[in-house]
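Residue numbers (my numbering): 1172 to 1510.
Each residue gets a CB set at the ideal place from its N, CA and C atoms; glycine is no exception.
What follows is one structure encoded as structure tokens, with my remarks underneath.
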Ligand code: DAH
């Protein structure tokens, strides 16, 4: 009996057909209600106990082989049908090749990189999983500094020295540690904060850090550079630097762009003031230069940090920051025409 089944397995393997009727006949012969398989299964109770195991295994193999065969033949028949169908009418439009689209965050990031590369800035990157030194301590935020609370940090639990970077300022530190002035670099990248997710804030987003260190760099250089940047990016040249505090810059300022109050949207996004905050900046604190091995007696520098997601939302009229990470194809496809 077992040999008989084995014979069928070989027969099933060898079977081939190109017509639906034959395949269906074959299916009924083996897998149908009154098919061979059911007959064999019915025999099971008559098989001697010591042969039951092998009988069962061989029978299962036959069943699987037959099922696979039917599925395989049906699939190839369908493929063939599709192929001949599309050849029958040569005037049919071709099948569109789906092209992808750039992500709005990537589009804005690339624009910013272009704008700064035109004035001699290179691009640098650092790790998203950072250590305490590069994210905090070297940036003048020693342990127990209250300003550490400004940034709700995700720590890697087993090791409090390892965390997800809360800002791209960590790349400043890495770049200064490894390069001599003159330094002109921008560092785009993803950052993380332990914040509740809503339409306006997310637990991860993107920033671009800028850093310029050389002899005689002044606050006027900072302002002019930012003005150039906002003119290129938004077509708006009026900015204001509002005094603020960051531990790694002295003096520090928030960067506001004058957006105007022409449309209702202008009122909405500027909360009726006409001014839009896009990031922070300042003169690199001499302590930070020293921490990174740069002689603060000889060199000075400016730095700034700008949020990319908010700018992308602004430029592309995206209402909810969550759209940027949900990978909804209907959303992403809208950026096909943008580079
Ligand atoms: N790291 C700051 C933040 O995430 C932004 C920032 C402010 C960066 C001032 C700078 C700077 O380089 O000088 O909020």
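Give a yes or no on whether the C-beta atoms belonging to residue 1476 and residue 1338 are separated by under 8 Å.
Translated into the one-based positions of the chain shown, residue 1476 becomes position 305. Translated into the one-based positions of the chain shown, residue 1338 becomes position 167. Yes, they are a contact pair.
What are the boundary residues of the beta strand (DSSP E) that residue 1476 is part of?
Translated into positions along the chain shown, residue 1476 becomes position 305. 1471-1478 is the span of the beta strand (DSSP E), which, as asked, contains residue 1476.
Quick one: measure Cβ to Cβ for residue 1237 and residue 1201, integer angstroms, because I've assumed they're closer than 8 Å.
Translated into positions along the chain shown, residue 1237 becomes position 66. Translated into positions along the chain shown, residue 1201 becomes position 30. Indeed they touch by this definition, with Cβ atoms about 4 Å apart.
Are there three or more Cβ pairs, one per stretch, closer than 8 Å when the segment 1240-1251 is compared with the segment 1186-1204?
yes
Go to residue 1429, then tell me how far its beta strand (DSSP E) extends in each direction, as first and last residue.
As a working mapping, residue 1429 is identified with position 258 in the chain shown. From DSSP, the beta strand (DSSP E) with residue 1429 extends over 1420-1429.
Using the DSSP secondary-structure output, state which residues sit across from residue 1452 in a beta bridge.
Here residue 1452 is taken as the residue at index 281 of the chain shown, counted from 1. According to DSSP, which records beta bridges pairwise, residue 1452 is partnered with 1424, 1475.
Which residues does DSSP list as the beta-bridge partners of residue 1359?
Along the chain shown, one-based indexing puts residue 1359 at 188. Answer is 1379, bridged to residue 1359.
Would you say residue 1296 touches the ligand DAH, meaning its beta carbon is less than 7 Å from a heavy atom?
In the chain shown, residue 1296 corresponds to position 125, counting from 1. False, no ligand heavy atom lies under 7 Å from that Cβ.
Element boundaries [beta strand (DSSP E), containing residue 1417]:
Here residue 1417 refers to the residue found at position 246 when the chain shown is read from its first residue. Where residue 1417 is concerned, the enclosing beta strand (DSSP E) stretches over 1410-1417.
Strictly by DSSP, which residues pair up with residue 1335?
The residue you call residue 1335 lines up with position 164 of the chain shown. 1300, per the DSSP bridge assignment.
Only counting runs of 4 or more residues, tell me where the alpha helix (DSSP H) segments fall wholly within the segment 1215-1268, in order along the chain.
1220-1259
DSSP-derived helix/strand/coil call for residue 1325
Counting from 1 along the chain shown, the entry for residue 1325 is found at position 154. DSSP places residue 1325 in coil when its eight states are reduced to three.
Going by DSSP, name the residue or residues bridged to residue 1293.
Counted from its first residue, the chain shown places residue 1293 at position 122. 1356.
Sequence-distant residues of its chain with Cβ nearer than 6 Å to residue 1385 (five each side left out):
In the chain shown, the residue the question calls residue 1385 occupies position 214. So the qualifying residues of the chain are 1352, 1353.
Span of the alpha helix (DSSP H) holding residue 1284?
Taking the first residue of the chain shown as position 1, residue 1284 is located at position 113. Here the alpha helix (DSSP H) through residue 1284 covers 1275-1288.
Report the CB separation of residue 1464 from residue 1380 in whole angstroms; it is logged as a contact under 8 Å.
Here residue 1464 refers to the residue found at position 293 when the chain shown is read from its first residue. Here residue 1380 refers to the residue found at position 209 when the chain shown is read from its first residue. Incorrect: roughly 18 Å between the Cβ atoms, too far for contact.
Answer yes or no: the CB of residue 1420 versus the heavy atoms of the ligand DAH, is any distance below 7 Å?
The residue given as residue 1420 occupies position 249 in the chain shown. Yes, the beta carbon of residue 1420 sits closer than 7 Å to at least one heavy atom of the ligand DAH.
Could you tell me the boundaries of the alpha helix (DSSP H) in which residue 1347 lies?
Your numbering for residue 1347 matches position 176 in the chain shown. From DSSP, the alpha helix (DSSP H) with residue 1347 extends over 1340-1349.
Beta carbon of residue 1474: closer than 7 Å to some heavy atom of the ligand DAH?
Residue mapping note: residue 1474 aligns to position 303 of the chain shown, counting from 1. Yes.
Could you tell me whether any non-hydrogen atom of the ligand DAH is closer than 7 Å to the CB of residue 1463?
For the purposes of this step, residue 1463 is taken as residue 292 along the chain shown, with counting starting at 1. Incorrect: residue 1463 has no Cβ contact closer than 7 Å to the ligand DAH.
Roughly how many angstroms lie between the CA atoms of residue 1499 and residue 1284, to the nearest whole one?
As a working mapping, residue 1499 is identified with position 328 in the chain shown. As a working mapping, residue 1284 is identified with position 113 in the chain shown. Rounded to whole angstroms, residue 1499 to residue 1284 spans 26 Å at the Cα level.
Three or more C-beta pairs under 8 Å: does that hold for the segment 1284-1302 against the segment 1392-1405?
yes
Closest residue to residue 1173 among 1205, 1232, 1198 (Cα-Cα distance)
For the purposes of this step, residue 1173 is taken as the residue at position 2 of the chain shown. With distances taken between Cα atoms, residue 1173 lies closest to 1232.
Just mark residue 1406 as buried or exposed, buried being the case when its beta carbon has 16 or more other beta carbons within 10 Å.
On the chain shown, position 235 is the one that residue 1406 refers to. With fewer than 16 Cβ atoms within 10 Å of its Cβ, residue 1406 is classed as exposed.
Which residues bound the alpha helix (DSSP H) around residue 1464?
For the purposes of this step, residue 1464 is identified with residue 293 of the chain shown, where counting begins at 1. Element bounds for residue 1464: n/a, residue is neither H nor E.
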